[in-house]
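> I have a structure here, written as structure tokens, and I will follow up with some questions on it.
2 protein chains.
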Amino acid sequence: MKSCGLIVEYNPFHFGHLYHLQQSKEASGADCMIAVMSGNFLQRGEPAIIDKWHRTEIALSQGVDVVLELPYVFAVQNSDLFAKGSVLTLSEIGVDTICFGSEQGDISPFLKAYEHVNAHETSYKESLHQYLDQGFSFPEASRHAYEAIGLSNHAIDLSQPNNILGYSYTKTILDHDLSITPMTIKRTQSGYHDETITHQIASATSIRKSILEGKEMTKEAEGSLPGSSIEKLMEYKQKATGWHDWERYFPLLQYKLTTLSPEEIRSFHGVEEGLEHRLLHTIKEATNFSEWMTLLKTKRYTWTRLQRTITHILTHTKKQEIEPILQLNQLPYVRLLGMSETGRSYIRQQKKKMGVPILPNVQSGNHEFVTIEERSVDAYLSCLPAEQKKRLRKRELGPPVMPHM
Amino acid sequence: MKSCGLIVEYNPFHFGHLYHLQQSKEASGADCMIAVMSGNFLQRGEPAIIDKWHRTEIALSQGVDVVLELPYVFAVQNSDLFAKGSVLTLSEIGVDTICFGSEQGDISPFLKAYEHVNAHETSYKESLHQYLDQGFSFPEASRHAYEAIGLSNHAIDLSQPNNILGYSYTKTILDHDLSITPMTIKRTQSGYHDETITHQIASATSIRKSILEGKEMTKEAEGSLPGSSIEKLMEYKQKATGWHDWERYFPLLQYKLTTLSPEEIRSFHGVEEGLEHRLLHTIKEATNFSEWMTLLKTKRYTWTRLQRTITHILTHTKKQEIEPILQLNQLPYVRLLGMSETGRSYIRQQKKKMGVPILPNVQSGNHEFVTIEERSVDAYLSCLPAEQKKRLRKRELGPPVMPHM
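Going down the list, the protein sequences come from chains W and S. At position 303 of the first sequence the residue is numbered 303 (the numbering used here), and the sequence of numbers has no breaks. Each number in the numbering used here corresponds to the 1-based position in the second sequence with 1000 added.
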């Protein structure tokens, strides 16, 4: 069975994701579509609008065959570590290809960029550190460093978030010499020609914004979401008394930070260069999350980086827990969130060849990543009323999603 | 100026407290009445129903001349440490007498008990440890040990909470050889003869229960409270969107415990003998505070001891922060919460003789106790909406309460 890997967040699953799924299947000629998905917290440092289980149900209903969890330790990270965790997960399960969306829809600029950066690695690193020392944020310093080695002239624009991610996926495959073929399809923002989809393609960000503002499903969002996505969004909202956004966690964050010492705050992943004092000082002044972020933002720290740091504070993730993943070249396990009939056949076939176990739930393993995963679930649900929290918490210990089995 | 010290919590101030105040003034012949009062968290391990500032205002309106804060590190402790902090605070400010309420209203049994226990110290301690090893709670083991050395036959019933406290005050004065005369007045539970008070004397516990249950002032409570007590209770309720009780802190506690490791939980003061596992296991099951306490309670741990431990978890108070107070024989500072005109004259007179500074607010000092105090304020206010929290938090940095000055 030929398989194709996708790296996704589905927050929430919309027609653009469906297009990516269908085009990737066609382009790769795969029989089995395998998605590795961030759990309850996402790469940009945000709680997912609905939990991973409901997002898994949607994914399976739309044609994904296997949903694997990207461990928290890799999910809430910069593009390099996010890519490392995602690609290594897909590699463990034995995918033949990984297909991502990009502006060009052509893999060759990514391969050329990889060769070019490798050939100028020393200059790139020197330049990067110079810009960082000047107080630029990482993405800005990195963009300037790419320019300095002349990458912008003949390859690819690595200041675009999607290109950065695509480049990181490609780099991980090549760095680790994996037997996976990187592929890319052209992203589409508006109308396109697939007959089965005639709906609006909107970004997940604009969809979240639209529904989180009024705390209700909007006409605009409805036009961009498949029926099962709308259904599961409404189902989760009812179960959890609302969708998740940062504002709901503000009282917990304020309580936590004001009762910790600066030294303790400094122990969390992402708190560097005296940020602990700024975090403390500003959260005492703020009365809601967005006010806090406005007070907290500086040139050096991107919004995304600050949100990731706050996620690690919320989930109590220490520097020492993250350090081991930098050296890791193989994941300790692969966690299954859901599968279709096709997915089940594929996994049965792959299981024997795999070097690491497939976990059906978090109790099966004793790895430290599992402990962190459980903690992230508790942190994610901590803003809900106690009854709802207890009910949704139980789901974490249950089996993977298996529709119609 | 002659002064008399009182050790109080005023949670809330009721007619029984007024009786104690007036009787102590009469019995001691003091010109200046000085109360050392627990801050926002109390000896039995509970958040005060209203904050220390409003309780200070009531105390001053009822005839107390000086209100000093009992540092958090001593306030939420067993009777020995609570007494140590309270008596040493009153000693610093130079009180001539300390007058507490007891069932007998006679100081001699307390003095005799002290002599008897001193004479049989080794047997008492041996006996105490035996009962503790058998799994008895501290108060029970201690009662049996007192029986074992024959104290019950000729002195005082040290199984009564008020006698235990009175005994601890007496013991602290004598152990430290302080020039303070211990005194006691007879407690009264119902009608008594003072003409100025013809109201119901109810316990603070029953008053709290009565108003916290319905979240409204009740006729029953009103009959037991002076006018200014009712007024300040209502004023605070309006400012803080409600009175404080443990239930309001449950979501924060659940979030905190479920995201900490057992090792981290064990670092909090009061978490001993594997209690961390029981705390974690039970809070995952519970959906409110009282349900949690029911699941948590065992023979070995009294309700009070568990509540104290939970207070230290909420305020993030570590074992290593408490250890130094065991050896302490002098407080590092005395913190002033409020004073009348008389109180001001008294303090002006005493200030020169004092060996430690009087702090008008928490920013004046850099002592570790002050840091803990500030943290306990943040923890206390953490259950309020952000706007209210911010406003009440500011009060902590302000000057002491000084009516009509």
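Here a beta-carbon is modelled for each residue, glycine too, at the ideal position from N, C-alpha and C. Treat the numbers as computed from the prediction; the structure is a model and nothing was measured.
Could you say which of Gly105(W), Gln307(W), Pro262(W) lies nearest to Arg1375(S) if we only look at CA atoms?
The residue labelled residue 1375(S) in the question sits at position 375 within the second sequence. Ranking Gly105(W), Gln307(W), Pro262(W) by Cα distance to Arg1375(S) puts Pro262(W) first.
> Just list the beta strand (DSSP E) runs in the region 1091-1118 of chain S, keeping only unbroken ones of 3 residues or longer that don't cross its boundaries, in chain order.
Whole beta strand (DSSP E) segments, 3+ residues: 1097-1102.
> Can you tell me whether DSSP reads Ala1240(S) as helix, strand or coil?
Along the second sequence, one-based indexing puts residue 1240(S) at 240. Ala1240(S) falls in the helix class under three-state DSSP.
> Work out the CA separation of Ser152(W) and Asp80(W) for me, nearest whole Å.
The sequence position of residue 80(W) within the first sequence is 80, counting from 1. The sequence position of residue 152(W) within the first sequence is 152, counting from 1. C-alpha separation (whole angstroms): 20 Å.
> Please specify which runs of the alpha helix (DSSP H), each continuous and at least 4 residues long, are wholly inside the region 145-217 of chain W, giving them in chain order.
Listed in chain order, they are 151-154, 161-175, 204-214.
> When burial is assigned at 16 or more other CB atoms within 10 Å of the CB, is Asn11(W) buried or exposed?
Numbered from 1 along the first sequence, position 11 holds the residue referred to as residue 11(W). Its Cβ being crowded by 16 or more others within 10 Å, Asn11(W) is buried.
> Tell me the DSSP secondary structure of Gly1063(S) in three-state form.
If you number the second sequence from 1, residue 1063(S) lands on position 63. Reduced to three states, the DSSP call for Gly1063(S) is coil.
> Do you know offhand how far Gln1200(S)'s Cα is from Ile1211(S)'s?
Against the second sequence, residue 1200(S) aligns to sequence position 200. Against the second sequence, residue 1211(S) aligns to sequence position 211. Looking at the two C-alpha atoms, the distance is approximately 16 Å.
> Note down the Cα distance separating Ser1108(S) from Cys1099(S), rounded to an integer number of angstroms.
In the second sequence, the residue the question calls residue 1108(S) occupies position 108. In the second sequence, the residue the question calls residue 1099(S) occupies position 99. Rounded to the nearest angstrom, the two C-alpha atoms are 13 Å apart.
> What residues in the region 1280-1292 of chain S have a beta carbon less than 7 Å from any beta carbon of chain W?
If the cut-off is 7 Å between Cβ atoms, the region 1280-1292 of chain S has Thr1287, Asn1288 near chain W.
> To the nearest angstrom, how far is it from the Cα of His1193(S) to the Cα of Glu1222(S)?
As a position in the second sequence, residue 1193(S) is number 193, starting the count at 1. As a position in the second sequence, residue 1222(S) is number 222, starting the count at 1. Caution is warranted here: a pLDDT of 38 is assigned to His1193(S), below 50, making its placement in the model unreliable, and the coordinate value is therefore given only provisionally. Going from the Cα of His1193(S) to the Cα of Glu1222(S) covers about 20 Å.
> Name the residue from Val1362(S), Tyr1333(S), Ser1061(S) whose alpha carbon lies nearest to the alpha carbon of Lys1351(S).
Taking the second sequence and counting its residues from 1, the one referred to as residue 1351(S) is at position 351. When each option's Cα is compared against that of Lys1351(S), the closest is Tyr1333(S).
> Using a Cβ cut-off of 8 Å (strictly closer), state whether Tyr1010(S) contacts chain W.
What you label residue 1010(S) is simply residue 10 of the second sequence in a count that begins at 1. No - not a single Cβ of chain W is within 8 Å of the one on Tyr1010(S).
> Residues of chain S with CB under 7 Å from Lys390(W), in chain order?
Translated into the one-based positions of the first sequence, residue 390(W) becomes position 390. Those within 7 Å of Lys390(W) in chain S are Thr1287.
> State the start and end residues of the unbroken beta strand (DSSP E) segment that holds Val1008(S).
In the second sequence, residue 1008(S) corresponds to position 8, counting from 1. Segment 1003-1008, the beta strand (DSSP E) holding Val1008(S).
> For chain W, find out if any of its Cβ atoms is closer than 8 Å to the Cβ of Asp1378(S); answer yes or no.
If you number the second sequence from 1, residue 1378(S) lands on position 378. Yes - at least one Cβ of chain W is within 8 Å of the one on Asp1378(S).
> With a 10 Å radius around its C-beta and 16 neighbouring C-beta atoms as the bar for buried, classify Lys297(W) as buried or exposed.
Walking along the first sequence from the start, residue 297(W) turns up at place 297. The residue in question, Lys297(W), is exposed, as its Cβ has fewer than 16 Cβ neighbours within 10 Å.
> Can you confirm whether Tyr72(W), when its beta carbon is compared against all beta carbons of chain S, has any partner nearer than 8 Å?
What you label residue 72(W) is simply residue 72 of the first sequence in a count that begins at 1. With 8 Å as the cut-off, Tyr72(W) does not count as an interface residue toward chain S.
> Buried or exposed: Gln307(W), going by 16 or more other Cβ atoms within 10 Å of its Cβ?
Here residue 307(W) refers to the residue found at position 307 of the first sequence. Looking at its Cβ environment, which holds 16 or more other Cβ atoms inside 10 Å, Gln307(W) is buried.
> Decide if the region 1234-1247 of chain S is in contact with the region 1065-1074 of chain S; the criterion is three or more beta carbon pairs, one per stretch, under 8 Å apart.
Touching, no.
> Taking Arg375(W) as the query, report the chain S residues whose CB atoms sit under 8 Å from its CB, ordered along the chain.
The residue labelled residue 375(W) in the question sits at position 375 within the first sequence. Per Cβ cutoff of 8 Å: Thr1258, Thr1259.
> Could you list which residues in chain S have their beta carbon closer than 8 Å to that of Leu336(W), in chain order?
Within the first sequence, numbered from 1, the residue matching residue 336(W) stands at position 336. None at all; the shortest Cβ gap to chain S is about 24 Å.
> Check this for me: beta carbons of Glu140(W) and Leu331(W), under 8 Å apart or not?
For the purposes of this step, residue 140(W) is taken as residue 140 along the first sequence, with counting starting at 1. For the purposes of this step, residue 331(W) is taken as residue 331 along the first sequence, with counting starting at 1. No; because the gap between Cβ atoms is not below 8 Å, this pair is not in contact.
> Would you please verify whether the beta carbon of Arg255(W) is less than 8 Å from any beta carbon of chain S?
Working through the first sequence from its first residue, we reach residue 255(W) at position 255. Residue identity check: residue 255(W) is Tyr in the sequence provided, not Arg. Yes, Tyr255(W) counts as interfacial toward chain S.
> Check whether the Cβ of Met316(W) lies closer than 8 Å to any Cβ atom in chain S.
The residue you call residue 316(W) lines up with position 316 of the first sequence. Per the sequence shown, residue 316(W) should be read as His rather than Met. At least one chain S Cβ lies under 8 Å of His316(W).
> Pick from Trp292(W), Leu60(W), Gly242(W): whose alpha carbon is nearest that of Ala48(W)?
The residue labelled residue 48(W) in the question sits at position 48 within the first sequence. Comparing Cα positions, the closest option is Gly242(W).
> Where in the region 1310-1365 of chain S do unbroken runs of the beta strand (DSSP E), each at least 3 residues long, occur, reported from the N-terminal end onward?
Counting only runs of 3 or more, we get 1334-1339.
> Run through DSSP, which three-state label would Ser267(W) get?
Your numbering for residue 267(W) matches position 267 in the first sequence. Looking at Ser267(W) - three-state DSSP - the assignment turns out to be coil, as it is neither helix nor strand.
> Could you spell out the range, first to last residue, of the beta strand (DSSP E) harbouring Met1293(S)?
Counting from 1 along the second sequence, the entry for residue 1293(S) is found at position 293. Premise fails: Met1293(S) lies in the alpha helix (DSSP H), 1289-1296, not in any beta strand (DSSP E).
> Given that Glu247(W) touches chain S, what residues does it touch there, using C-beta distances under 9 Å?
On the first sequence, position 247 is the one that residue 247(W) refers to. Simply none; closest approach about 10 Å.
> For Ala30(W), which three-state DSSP category applies?
For the purposes of this step, residue 30(W) is taken as residue 30 along the first sequence, with counting starting at 1. Three-state DSSP puts Ala30(W) in coil, outside helix and strand.
> At 9 Å on the CB atoms, spell out the chain S contacts of Glu321(W), in chain order.
In the first sequence, the residue the question calls residue 321(W) occupies position 321. Under the 9 Å cutoff, chain S gives no residues; its nearest Cβ is about 10 Å from Glu321(W).
> May I ask you to verify whether the region 270-282 of chain W touches the region 1281-1298 of chain S, counting CB pairs closer than 8 Å and requiring at least 3?
No: the two stretches stay apart, fewer than three of their Cβ pairs being nearer than 8 Å.
> For Arg1348(S), is the classification buried or exposed, using 16 other Cβ atoms within 10 angstroms of its Cβ as the cut-off for buried?
The residue given as residue 1348(S) occupies position 348 in the second sequence. Exposed is the call here.
> Taking three-plus beta-carbon pairs below 8 Å as touching, is the region 1034-1048 of chain S in contact with the region 1224-1233 of chain S?
Contact between the region 1034-1048 of chain S and the region 1224-1233 of chain S is absent, because fewer than three Cβ pairs lie under 8 Å.
> Once the 5 residues before and after Arg1187(S) are set aside, which same chain residues still bring their CB inside 7 Å of it?
Residue numbering aside, residue 1187(S) sits at position 187 when the second sequence is read from its first letter. Cβ within range, chain order: Gly1101, Ser1102, Glu1103, Asn1162.
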